[in-house]
Amino acid sequence: MGLTPLRLLLLACFWVVSKAAVPTVSVSGVAFTDKDLDNGQLGGQASWTPPGDTSTVTSYKLYRADDAAATNQGALVASVAVGTNYHDLAADTAVSSRRFLMVYTANVDGTQSSATAASVQMSDISASVSSVAFTDGDLDAAQIGGDTTWTLAADETHVSNYYIYLAMDTAG
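Last residue of the sequence shown: 1004 in my numbering, with the numbers rising by one and none dropped.
Written out as structure tokens, the structure is:
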């Protein structure tokens, strides 16, 4: 069975269709600031600078991993369309060993190699008060009134307000 002109044409068409055009360009400047001030929880906006040429890119795929080499990469966190250069990580996202956020370029043919993906290490920022005390100065039965004191958070960089709530027990 020789290669007739029709078979050559079919082979050429197959080669063109099956040749993958997986993106090789990368985002840069990946940033993340934790705005969830609870200890052990993350939440905030991840952002990045798109590659200079996005002609082969249709989306950005975000994953969490143990390190910048994508070791122990987890499930897909988000897929974001080209033109959007951020993703809001939901508050109360548990901190785990996967402290790196990986950002890949992708299209219908696949996702760029993890060796060239951009990443940022996510740091858990917490700001909690301590030494909360209340002295009841109200002498009437079943009524309270008095001063509440506390020690401020050690780092108030991301603190805008303190809120005081009444609760029935220490669990809230």
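Glycine included, C-beta positions come from ideal geometry on N, C-alpha and C.
By the 10 Å Cβ neighbour count, where 16 or more other Cβ atoms means buried, how is Val991 classified, buried or exposed?
Classification for Val991: exposed.
Can you name the residues that DSSP bridges to Ala950?
Ala950 is bridged to Val935.
Going straight from the alpha carbon of Phe932 to that of Leu971, what length do you get?
Computed Cα separation, rounded: 55 angstroms.
When you compare only the Cα positions, how much space is there between Leu984 and Val914?
Looking at the two C-alpha atoms, the distance is approximately 42 angstroms.
By Cβ distance below 8 angstroms, which residues in the same chain neighbour Tyr895 in space, the five residues on each side in sequence not counted?
Ala902, Gln905, Gly906, Ala907, Leu908, Val909, Leu933, Met934 and Tyr936.
Ends of the beta strand (DSSP E) at Leu874?
Element bounds for Leu874: Gln873 to Thr881.
Apart from the five residues on each side of it in sequence, which residues of its chain come closer than 6 angstroms, Cβ to Cβ, to Leu843?
With a pLDDT of only 49 at Leu843, under the threshold of 50, the placement of this residue in the model should not be trusted; the figure read from the coordinates follows. Nothing meets the Cβ criterion.
Given the structure, does Ser887 come close to the ligand MG, in the sense that its CB is under 7 angstroms from one of the ligand's heavy atoms?
What this structure holds is no ligand at all, so the ligand MG is not there to describe.
With H, G and I counted as helix, E and B as strand and the rest as coil, what does DSSP make of Asp979?
Correct three-state label for Asp979: strand.
In the DSSP output, which residue or residues are listed as bridge partners for Val889?
For Val889, which the question treats as bridged, DSSP gives no partner whatsoever.
Mind checking Ile957: buried by the 16 CB within 10 Å criterion, or exposed?
Counting Cβ neighbours within 10 Å, Ile957 comes out buried, since at least 16 surround it.
Among His919, Lys893, Asp1001 and Ser929, which has the Cα closest to the Cα of Ser945?
Minimum Cα distance to Ser945 is reached at Lys893.
Keeping to the same chain, check which residues put their C-beta closer than 8 angstroms to that of Ala965; ignore five residues upstream and five downstream.
Correct list, in chain order: Thr980, Thr981 and Trp982.
Can you say whether Val862 is buried or exposed, counting buried as having 16 or more other CB atoms within 10 angstroms of its CB?
When all chains shown are included, Val862 counts as buried.
Around the C-beta of Asp868, are 16 or more other C-beta atoms found within 10 angstroms, so that it is buried, or is it exposed?
Buried, because 16 or more other Cβ atoms sit within 10 Å of the Cβ of Asp868.
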